[in-house]
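Numbering of the first sequence is given in numbering that gives the first Met the number 0, commencing with residue 0 and proceeding in unit increments.
One structure is given below, encoded as structure tokens.
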Amino acid sequence: MIKAIRGTRDILPPSSAVWNMVEARAREVFHSFNCHEIRTPIFESTELFARGVGEETDIVSKEMYTWDDRDGSSITLRPENTASVIRAYIEHRLDQIPGLKKLYYIGPMFRRERPQKGRYRQFAQIGAEFIGSDSPVIDAEVIEMVLEVLTRCGVESPHLIINSVGCKDCRPAFVQALKDRLQDVKAGMCADCQRRADSNALRVLDCKVPEDQNVVDSLPSILDHLCQPCAAHFETVKSLLEARGIDYELRSRLVRGLDYYTRTTFEVTHGALGAQNSILGGGRYDGLAESLGSRVPTPGIGFSIGEDRLVMAIEEHVDPASLARLDVFLVPMGDAALRHAALIARDLRRGGFTVELSADHKVKRAMEAASKARARFALILGDNELTAGVYALKDMATGEQRSLTREQLAPALK
RNA sequence: GCGCGUGUAGCUCAGUCGGUAGUAGCGCCAGAUUGUGGUUCUGGAUGUCGUGGGUUCAAAUCCCACCACGCGCCCCA
Numbered sequence: 000m001i002k003a004i005r006g007t008r009d010i011l012p013p014s015s016a017v018w019n020m021v022e023a024r025a026r027e028v029f030h031s032f033n034c035h036e037i038r039t040p041i042f043e044s045t046e047l048f049a050r051g052v053g054e055e056t057d058i059v060s061k062e063m064y065t066w067d068d069r070d071g072s073s074i075t076l077r078p079e080n081t082a083s084v085i086r087a088y089i090e091h092r093l094d095q096i097p098g099l100k101k102l103y104y105i106g107p108m109f110r111r112e113r114p115q116k117g118r119y120r121q122f123a124q125i126g127a128e129f130i131g132s133d134s135p136v137i138d139a140e141v142i143e144m145v146l147e148v149l150t151r152c153g154v155e156s157p158h159l160i161i162n163s164v165g166c167k168d169c170r171p172a173f174v175q176a177l178k179d180r181l182q183d184v185k186a187g188m189c190a191d192c193q194r195r196a197d198s199n200a201l202r203v204l205d206c207k208v209p210e211d212q213n214v215v216d217s218l219p220s221i222l223d224h225l226c227q228p229c230a231a232h233f234e235t236v237k238s239l240l241e242a243r244g245i246d247y248e249l250r251s252r253l254v255r256g257l258d259y260y261t262r263t264t265f266e267v268t269h270g271a272l273g274a275q276n277s278i279l280g281g282g283r284y285d286g287l288a289e290s291l292g293s294r295v296p297t298p299g300i301g302f303s304i305g306e307d308r309l310v311m312a313i314e315e316h317v318d319p320a321s322l323a324r325l326d327v328f329l330v331p332m333g334d335a336a337l338r339h340a341a342l343i344a345r346d347l348r349r350g351g352f353t354v355e356l357s358a359d360h361k362v363k364r365a366m367e368a369a370s371k372a373r374a375r376f377a378l379i380l381g382d383n384e385l386t387a388g389v390y391a392l393k394d395m396a397t398g399e400q401r402s403l404t405r406e407q408l409a410p411a412l413k
């Protein structure tokens with residue numbers, strides 16, 4: 000048997016209804032913020048991600064699907080979408096259009112990681128980028144927008160975590176201070192931390208080994224090393240969130256894996272998702288456009304929701320089958336009734352109802368099918384009904400049945 | 001990439017000490033019922049025991065490798 004390749008999967012009904020619901024709600028929220036869709040290619044020049052995401056990140060160094068095209072150029076399936084959006088922004092000179100550019104996207108991304116629950120090699124992200132302003136007001140707007148998506152999708156108790164990782168002026172000094180301190184204390188830490196102390200010092204802050212927590216707590220905090228503009232920016236972001244009544248956890252140890260983040264970073268976690276409890280991540284990336292060739296300063300901030308994980312969280316408490324509604328199942332008896340039923344079906348479908356037409360002339364079979372399909376009503380068309388000009392509408396939940404004329408049908412189905 | 005675990009019917013699973021694969025539950029099909037589903041009763045179908053190799057008179061069972069999935073690590077959405 001040919002099977003879907005490792006790390007990929009089919010989204011089947013009824014689960015696909017949850018995906019459609021999530022995407023529909025997200026689009027509603029985005030449009031209400033005057034944020035509009037951008038669709039970029041799912042493969043790009045490898046160089047775009049190498050420069051945008053960062054050569055030293057795990058994503059670029061070992062998790063990309065990359066191959067040489069026939070002309071020798073290196074192509075990569077996108078592992079994330081922010082770099083592509085910024086590339087499109089620069090390529091199409093969107094900086095020449097007045098105002099803040101607010102763009103959202105929904106689509107598949109690809110990373111060659113070990114598959115696990117909530118982690119696939121093809122996964123979907125719903126994200127947005129607000130480009131062209133470094134105002135902290137925008138940070139608060141973006142955070143509010145993404146939380147609104149979660150709320151509108153019915154996600155219970157999302158947990159917002161925020162931090163500031165500084166900028167190119169103040170972060171290097173902090174990293175150096177952190178490394179210096181780690182040289183003194185790393186001997187007492189776990190093996191992973193000893194390795195990270197040299198390779199990726201910021202990651203030590205993320206260590207989850209219980210025995211290391213005392214040491215981790217004693218390490219310097221990025222928040223004490225922010226330059227004055229970064230500190231002021233972060234203070235404003237926090238106060239704007241508070242003014243909006245948005246609860247957050249300040250976690251100075253929240254560091255993100257992508258090189259381009261500056262200043263505000265954030266994450267939302269949700270219980271019951273296993274090790275992959277992060278449902279979305281985002282942050283500001285004020286230097287990214289310049290590193291991709293923009294000649295004008297182009298600050299931006301964005302986020303990306305892991306759609307697979309969001310769907311998983313929703314399915315914890317929503318039965319996917321409940322999202323699909325079948326209003327009426329037509330049960331014609333005989334050829335004449337079948338031909339007539341097709342016209343009734345057309346009427347009702349045009350009226351906005353979901354209608355199923357039985358292909359089986361045996362009433363018992365058709366009624367069984369209606370029941371298994373979880374139809375709200377069955378509409379029986381037989382000789383008696385056709386000659387009298389009425390139809391027998393049966394409520395499948397109560398078993399109650401009554402005779403209705405064609406005009407009375409649609410109102411009865413409401 | 002690393003560690004641990006799991007893999008038997010469409011699904012959930014049982015399978016003793018290695019001795020012909022289960023009256024198992026749910027689901028599916030048919031009938032009881034020629035114009036009425038759900039409940040009930042009766043009957044029926046469905047297996048490369050994940051794949052390949054090894055040990056053995058004999059392997060779902062023991063051993064090895066591989067594959068897939070799960071949990072965790074790394075990292076991340």
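Glycine residues also receive a C-beta, built at the ideal position from the N, C-alpha and C atoms.
Which residues in the same chain as residue i place their Cβ atom closer than 6 Å to its Cβ, once the five residues preceding and following it in sequence are excluded?
i    : result
A25  : I125, V148
V354 : V327, A344, L347, R348
G281 : F265, G301, F302
G104 : Strictly speaking, residue 104 in this sequence is Tyr, with Gly absent from that position. Correct list, in chain order: I37, N80, G126.
A369 : F328, A377
For a quick check, are the C-beta atoms of residue i and residue j less than 7 Å apart?
i    : j    : result
L325 : A344 : no
T65  : T81  : no
E62  : R118 : no
V154 : A312 : yes
G299 : E128 : yes
R8   : E43  : no
V236 : P135 : yes
G165 : C229 : yes
S73  : T45  : yes
I85  : L291 : yes
P425 : G6   : Summary: the structure shown does not reach residue 425, with the chain confined to residues 0 through 413, and so no result is reported for it.
R283 : T263 : yes
A340 : L380 : yes
E248 : I160 : yes
F32  : M144 : yes
T56  : A87  : no
L239 : A320 : no
Can you find the residues in the same chain that come closer than 8 Å, C-beta to C-beta, to residue i, ignoring five residues on each side of it along the sequence?
i    : result
S60  : E54
K167 : T261, G286
E314 : S14, V17
A196 : K178, L181, Q182, K185, M188, V203
A374 : L325, D326, V327, F328, E355, M395
V310 : S14, V17, W18, V21
C226 : G165, C166, D168, C169
Would you kindly report the start and end of the unbroken alpha helix (DSSP H) that includes residue i?
i    : result
Y88  : 81-90
A51  : The question names Ala, but residue 51 is Gly in the sequence shown. Start and end: 45-51.
A409 : 405-412
K61  : 57-61
H339 : 334-349
P228 : 227-242
D216 : 212-217
L201 : 200-203
V17  : 14-31
I313 : 306-314
E289 : 287-290
Since residue i and residue j should fall inside the 8 Å C-beta cutoff, what is the C-beta to C-beta distance between them, to a whole number of angstroms?
i    : j    : result
K100 : L93  : 5 Å
G305 : L337 : Not confirmed; about 47 Å, so no contact.
Q121 : P107 : 5 Å
L412 : F352 : 6 Å
V254 : D191 : Wrong, their Cβ atoms sit about 15 Å apart, outside the cutoff.
R151 : V28  : 6 Å
Taking the beta strand (DSSP E) that residue i belongs to, which residues open and close that run?
i    : result
H360 : It is not in any beta strand (DSSP E) - H360 carries neither H nor E in the DSSP assignment.
R262 : 261-268
V295 : Per DSSP, V295 belongs to no beta strand (DSSP E) and is neither H nor E.
S277 : 277-283
L329 : 325-331
I74  : 73-76
D67  : 65-67
Please work out which residues of its chain come closer than 7 Å, Cβ to Cβ, to residue i, disregarding the five sequence neighbours upstream and downstream, and give them in chain order.
i    : result
A365 : V330, S357, D359
S293 : I89
S251 : N162, S220, I221, L222
R401 : L392
A372 : L325, F328, E355
A200 : V174, L177, K178, L181
F48  : V59, M63, T75, P78, A82
In chain order, which continuous runs of the beta strand (DSSP E) of length 3 or greater are located wholly inside the stretch 363-389?
-> 374-380
Curious, which full-length alpha helix (DSSP H) runs of at least 4 residues does the stretch 105-193 contain?
-> 135-151, 170-184
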